[in-house]
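J.: All residue numbers for the sequence shown refer to the working numbering, where the first residue is 5 and numbers rise by one.
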Amino acid sequence: MMFRKRLENINSYKPGKPVEEVKRALGLTQVYKLASNEIPFAPAYINRAIQKELKNINRYPESGCFYLRKAVAAKLKVREDQIVFGNGSDEIITLALRVLIEEGDEVIVGYPTFLIYEIQAKIEGAEVVRAPLRNFRYCLDDIAAKITARTKIIFIANPDNPTGTYLNNKEIENFLSRIPASVLVFFDEAYFEFAPPDFPKTIRFLKERGNIIFTRTFSKAFGLAGARIGYGVTTPSIASFLNKVREPFNVNRFAQVAAVAAVNNGKFLNKVVTYIKREKQYLYKELKAHDISFIKSATNFVLIDFRKDTASLYNYLLKNGIIVRELAGWGLPNLCRVTVGLHKENKKFIDCFKRYLNK
Ligand SMILES: Cc1ncc(COP(=O)(O)O)c(C=O)c1O
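Take a look at the structure:
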């Protein structure tokens with residue numbers, strides 16, 4: 005069989021190891037996963053909605069996410085036809101590339117950043133132009149300087165993964181004033197709910213400029229990673245193209261009802277954000293106490309700069325039932341990323357880390 009030539013040089017995305025796999029492989033009964041930036045507790049308030057929906061499992065879901073669309077549009081004060089729902093916000097990345105990229109078009113990504121932009125861009129036949137991060141932050145001047153007549157999309161993870169840093173309103177406003185209308189600026193805001201108050205008013209920029217899409221997800225602060233649901237907000241015209249290329253039933257019924265229950269549950273969201281903030285401070289404090297460098301984070305994870313190869317640290321933690329994220333695949337062998345978990349999980353991580361340092 006003749007597969008697409010361009011697939012030869014594409015490395016698949018390697019997700020954080022699942023708890024079940026580590027339990028099986030190492031014969032452990034208790035494993036803590038601090039590797040995929042999920043929140044550490046499941047939202048119980050969605051149970052009734054899911055239970056109620058079970059009786060409809062033999063029927064396809066509504067293709068347009070009717071109730072969820074109304075709820076999100078009202079919450080964000082945007083038009084319903086500006087929203088595109090996806091099987092996770094990841095899917096919106098793929099859809100944006102699919103509607104814009106002709107062979108050889110250019111896509112600008114930060115480096116290192118969330119790897120999906122680069123992988124999906126290559127699959128769609130784009131030339132990927134990397135703009136290296138400086139001091140763990142996106143360098144917007146460099147990105148603007150890299151724009152050519154072939155540039156179609158600029159991907160910006162804000163806040164960023166794996167660094168946890170963010171770009172503020174002023175920085176983004178200045179940046180956007182330099183971007184031609186022919187280029188789509190894709191703001192991936194998966195960690196929006198954890199970001200500080202000077203975070204960009206992306207909705208306002210979208211209204212003013214048009215050549216913008218921003219994505220948000222129910223996977224992180226809302227605790228629905230297992231349901232796979234996220235969305236993009238853009239102009240009605242761009243949204244209509246994205247809808248043209250998406251699969252008709254890309255968001256299943258359970259994800260839809262769970263997300264409807266989540267959208268306006270400020271109480272759960274507050275609880276999550278407060279918990280994560282507090283536990284992040286605990287991690288900062290402990291890391292500081294042991295003279296371990298880390299990057300201050302606007303998300304629910306912390307990037308640790310170990311200043312030497314983390315492979316043996318990673319394996320030590322794994323044997324002790326703690327999964328963190330190695331970053332060798334990002335070209336960052338001295339760094340590891342730790343998701344903020346429950347207090348007992350964070351404490352176990354810190355205790356193991358200390359034991360490793362004293363070995
Ligand atoms: C920057 C960023 N974007 C998108 C995603 C994926 O989100 P979703 O679960 O909505 O596909 C992640 C998940 O880790 C992420 O870190």
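Ideal Cβ positions, reconstructed from N, Cα and C, are used throughout, including at glycine.
1) Tell me which residue opens and which closes the beta strand (DSSP E) that V277 is part of.
2) Need the endpoints of the alpha helix (DSSP H) that C356 sits in, please.
3) Hey, out of K224, E66 and K284, whose CA is closest to P252's CA?
4) Based on DSSP bridge pairs, tell me the residues matched to G90.
5) When the distance is taken between beta carbons, is L346 closer than 9 Å to I308?
6) Going by alpha carbons, who is nearest to K9 out of K351, N254, I326 and K126?
7) Among the residues of its own chain, which have a CB less than 6 Å from the CB of L72, if the five just before and after it don't count?
8) Can you find a heavy atom of ligand 1 that lies under 8 Å from the Cβ of N256?
9) Could you please go through the chain and list the residues whose beta-carbon is closer than 6 Å to any non-hydrogen atom of ligand 1?
10) Taking C-alpha atoms, which residue in N362, L361, I327 and A332 lies nearest to L365?
11) Check for me: the beta strand (DSSP E) holding V132 runs from which residue to which?
12) Among the residues of its own chain, which have a CB less than 7 Å from the CB of V277, if the five just before and after it don't count?
13) Can you tell which of N254, R257 and P116 has the C-alpha that lies nearest to the C-alpha of L331?
14) Which class does L339 belong to by DSSP, given the choice of helix, strand or coil?
15) Got a sec, what are the start and stop residues for the beta strand (DSSP E) E110 sits in?
16) Cα-Cα, which of K81, S301 and V23 is closest to I207?
17) Comparing the CB of V113 with every heavy atom of ligand 2, is any distance shorter than 8 Å?
18) Name the two residues that bound the continuous beta strand (DSSP E) containing V410.
19) Ignore the nearest five residues each way along the sequence and tell me which others in R102's own chain have a CB closer than 8 Å to its CB.
20) What is the DSSP secondary structure of A2, counted as helix, strand or coil?
21) Could you tell me whether the segment 41–59 touches the segment 270–288, using the rule of 3 or more Cβ pairs below 8 Å?
22) Report all residues from its chain with a CB closer than 7 Å to the CB of K271; omit the five preceding and five following residues, and keep chain order.
23) Which residue comes first and which comes last in the alpha helix (DSSP H) that contains R28?
24) Whole angstroms are fine: how far does the CA of D146 sit from the CA of V189?
25) Going by DSSP in three states, T155 sits in which element: helix, strand or coil?
26) Who are the Cβ neighbours of A266 in its own chain at under 7 Å, not counting the five residues just before and after it?
27) Alpha carbon to alpha carbon, how far is A78 from I87? Give it in angstroms, no decimals.
28) From V132 to Y360, what does the alpha carbon distance come to, in whole angstroms?
29) Hey, how far is the Cα of Y142 from the Cα of I61?
30) Between I151 and P204, which are expected to be in contact by the criterion C-beta below 8 Å, what is the C-beta distance as a whole number of angstroms?
31) Nearest-angstrom Cα distance between Y121 and V342?
T.: From the atom records:
1) Numbered from its first residue, the sequence shown carries residue 277 at position 273. That residue, V277, is in no beta strand (DSSP E); its alpha helix (DSSP H) goes G270 to A293.
2) Locating residue 356 in the sequence shown gives position 352, where the first residue counts as 1. C356 -> alpha helix (DSSP H) spans H347 to L361.
3) Counting from one through the sequence shown, the residue named residue 252 turns up at place 248. Out of K224, E66 and K284, E66 has the C-alpha closest to the C-alpha of P252.
4) Within the sequence shown, the letter at position 86 stands for residue 90. BP columns for G90 point to G234.
5) As a working mapping, residue 308 is identified with position 304 in the sequence shown. As a working mapping, residue 346 is identified with position 342 in the sequence shown. Cβ distance not < 9 Å, so I308 and L346 don't count as in contact.
6) The residue you call residue 9 lines up with position 5 of the sequence shown. It is K126 whose Cα lies nearest to the Cα of K9.
7) The residue you call residue 72 lines up with position 68 of the sequence shown. Cβ neighbours of L72 beyond the five flanking positions: Q260, A263 and V264.
8) By one-based count along the sequence shown, residue 256 stands at place 252. No.
9) N41, G92, S93, D94, F118, A161, N165, D192, A194, T221, S223, A229 and G234
10) With the chain running from 5 to 363 in the structure shown, residue 365 is simply not present.
11) As a working mapping, residue 132 is identified with position 128 in the sequence shown. Counting along the chain, the beta strand (DSSP E) containing V132 begins and ends at E131 to P136.
12) By 1-based counting over the sequence shown, the position of residue 277 is 273. The residues are E197, F198 and A225.
13) Locating residue 331 in the sequence shown gives position 327, where the first residue counts as 1. Comparing Cα-Cα distances from L331 to each of N254, R257 and P116, the minimum goes to P116.
14) Locating residue 339 in the sequence shown gives position 335, counting from the first residue. L339: strand per DSSP, three-state reduction.
15) Translated into the one-based positions of the sequence shown, residue 110 becomes position 106. Counting along the chain, the beta strand (DSSP E) containing E110 begins and ends at E110 to Y115.
16) Position 203 of the sequence shown, counting from 1, holds the residue named residue 207. Residue K81 is the option with its Cα nearest to I207.
17) As for ligand 2, it is missing from this structure, which binds only ligand 1.
18) Examination of residue 410 is not possible in this model, given that the chain is present from 5 through 363 alone.
19) Your numbering for residue 102 matches position 98 in the sequence shown. Excluding residues within five positions, the ones whose Cβ falls inside 8 Å are E128 and V249.
20) This structure does not reach residue 2, given that the chain is present from 5 up to 363, and the question cannot be answered.
21) yes
22) Residue 271 sits at position 267 when you count from the first residue of the sequence shown. So no residue of the chain qualifies.
23) Within the sequence shown, residue 28 is the residue found at index 24, counting from 1. V23 to L30 is the extent of the alpha helix (DSSP H) around R28.
24) Taking the sequence shown and counting its residues from 1, one reaches residue 189 at position 185. Taking the sequence shown and counting its residues from 1, one reaches residue 146 at position 142. Each residue's alpha carbon lies about 15 Å from the other.
25) By 1-based counting over the sequence shown, the position of residue 155 is 151. Residue state, collapsed to three classes: strand.
26) Counting from one through the sequence shown, the residue named residue 266 turns up at place 262. The answer, listed in chain order, is P47, I50, F222, F226 and L228.
27) For this step, residue 87 is matched to residue 83 along the sequence shown. For this step, residue 78 is matched to residue 74 along the sequence shown. Between I87 and A78, the C-alpha separation is close to 11 Å.
28) For the purposes of this step, residue 132 is identified with residue 128 of the sequence shown, where counting begins at 1. For the purposes of this step, residue 360 is identified with residue 356 of the sequence shown, where counting begins at 1. Cα to Cα, V132 sits roughly 39 Å from Y360.
29) Mapped onto the sequence shown, residue 142 falls at position 138. Mapped onto the sequence shown, residue 61 falls at position 57. Roughly 44 Å between the two C-alpha positions.
30) The count along the sequence shown starts at 1 and reaches residue 151 at position 147. The count along the sequence shown starts at 1 and reaches residue 204 at position 200. That pair is no contact at about 19 Å.
31) Residue mapping note: residue 121 aligns to position 117 of the sequence shown, counting from 1. Residue mapping note: residue 342 aligns to position 338 of the sequence shown, counting from 1. C-alpha separation (whole angstroms): 22 Å.
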